[in-house]
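>
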Amino acid sequence: MSSYPRRSNLIEGVGNEVLFGFVTFTSSLVGILFYLNHRQRLGTTIHPDSATEVASTREQLQNEAQGSQRPNQRRANHRNDGQLTCPICLGSASFAVETNCGHVYCGHCFIMYWEHQTWMGAVRCPSCRTQVSLLLLNFTSQEHALETDERLQVIDKVNQYNRRFSGEPRTIQEYLQDLPTLLRHAFQEFFSVGGLMWMFRFRIVILVIAAFIYLVSPLDILPEGAFGLIGFLDDIFILLFIAVYISIIYRQVVAGRGG
1 MSSYPRRSNL IEGVGNEVLF GFVTFTSSLV GILFYLNHRQ RLGTTIHPDS ATEVASTREQ
61 LQNEAQGSQR PNQRRANHRN DGQLTCPICL GSASFAVETN CGHVYCGHCF IMYWEHQTWM
121 GAVRCPSCRT QVSLLLLNFT SQEHALETDE RLQVIDKVNQ YNRRFSGEPR TIQEYLQDLP
181 TLLRHAFQEF FSVGGLMWMF RFRIVILVIA AFIYLVSPLD ILPEGAFGLI GFLDDIFILL
241 FIAVYISIIY RQVVAGRGG
């Protein structure tokens, strides 16, 4: 009797088609998130519903510049390599801040937008009208090294804003929308000197190790060997749960700064 060679799996207990599906799904998800986040950060358009508030803010900025002896000097000195443009003043973002929805503004411009309008709660993003529940610093290395009044003012106002609005209730959809921006900042600080607290770094490492152990373990809620691609759903859920949890504790760390 002739025998056929037995097909071996790359990972014992996991079919190659399941592994291929996992790699394809993960690659597609990462690509989509990167594209959305990149498009958000480079967007300079203003939402029509924000046009009145932005026009008022631009007028305030012009009046401030006319009364100052150094109009636009700070922007000429700190241009963020020309890669980031503030949708409010339409210049290179200076001492930039990034919203939880991924849009970047000059720190001073966004603070002016916030403080000189009538808001009942958290500000709506001028570009996409998403509720801004968290502001993240996006300074250049040069700006981080400066000890200027503007830098200190932006940091102080950002801390005030985050303490005031970061704890507002959020939906599952909003948590997922915030993932690209919050995870990017969390992991940038994770690998930077003087970034996140060691306890937070330790918690991230434990979560990543736990997720890896669960993914490679044959003990699944829905075993891939029995359910095929359907058995991969519990792995997706675990990955999303851990990603959302990391974004939540990072949000708490950011909100507690300057307190």
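Just so we're aligned: 166 in the UniProt record's numbering is position 166 of the sequence shown, and the numbers increase by one with no gaps anywhere.
The beta carbon of each residue, even a glycine, is placed where N, CA and C say it ideally should be.
Can you tell me which residues form a DSSP beta bridge with residue 136?
According to DSSP, which records beta bridges pairwise, residue 136 is partnered with 98.
> Counting C-beta neighbours from all protein chains within 10 Å, is the total for residue 50 16 or more, i.e. buried, or is it exposed?
Residue 50 is classed as buried because its beta carbon has at least 16 other beta carbons within 10 Å across all chains shown.
> Within a Cβ cutoff of 7 Å, which residues of the same chain sit near residue 239, ignoring the five residues on either side of it in sequence?
211, listed in sequence order.
> What's the call for residue 82, buried or exposed, on a 16-neighbour Cβ count within 10 Å?
Low confidence applies to residue 82: its pLDDT is 49, below 50, so where it sits in the model is not reliable, and the reading given next is rough at best. Looking at its Cβ environment, which holds fewer than 16 other Cβ atoms inside 10 Å, residue 82 is exposed.
> Using DSSP with H/G/I as helix, E/B as strand and the rest coil, what is residue 257?
coil
> Just how far apart, CA to CA, sit residue 151 and residue 135?
15 Å
> Less than 6 Å between C-beta atoms, sequence neighbours within five positions excluded: which residues of the same chain meet that for residue 182?
The beta carbon of residue 182 sits closer than 6 Å to the beta carbons of 247 and 250 from its chain, once the five residues preceding and following it are set aside; these are given in chain order.
> Using 10 angstroms around the beta-carbon of residue 78, count the other beta-carbons present and answer buried if the total reaches 16, otherwise exposed.
With a pLDDT of only 44 at residue 78, under the threshold of 50, the placement of this residue in the model should not be trusted; the figure read from the coordinates follows. So residue 78 counts as buried.
> Assess contact between the stretch 146 to 165 and the stretch 108 to 124, defined as three or more Cβ pairs (one per stretch) separated by less than 8 Å. Is contact present?
yes
> Helix, strand or coil for residue 123 per DSSP?
coil
> Counting pairs of beta carbons, one from the stretch 112 to 122 and one from the stretch 136 to 148, are three or more of them closer than 8 Å?
no
> Skipping 5 residues on each side, what residues in its chain have a beta carbon closer than 7 Å to that of residue 214?
238
> Consult DSSP for residue 85 and reduce its assignment to one of helix, strand or coil.
strand
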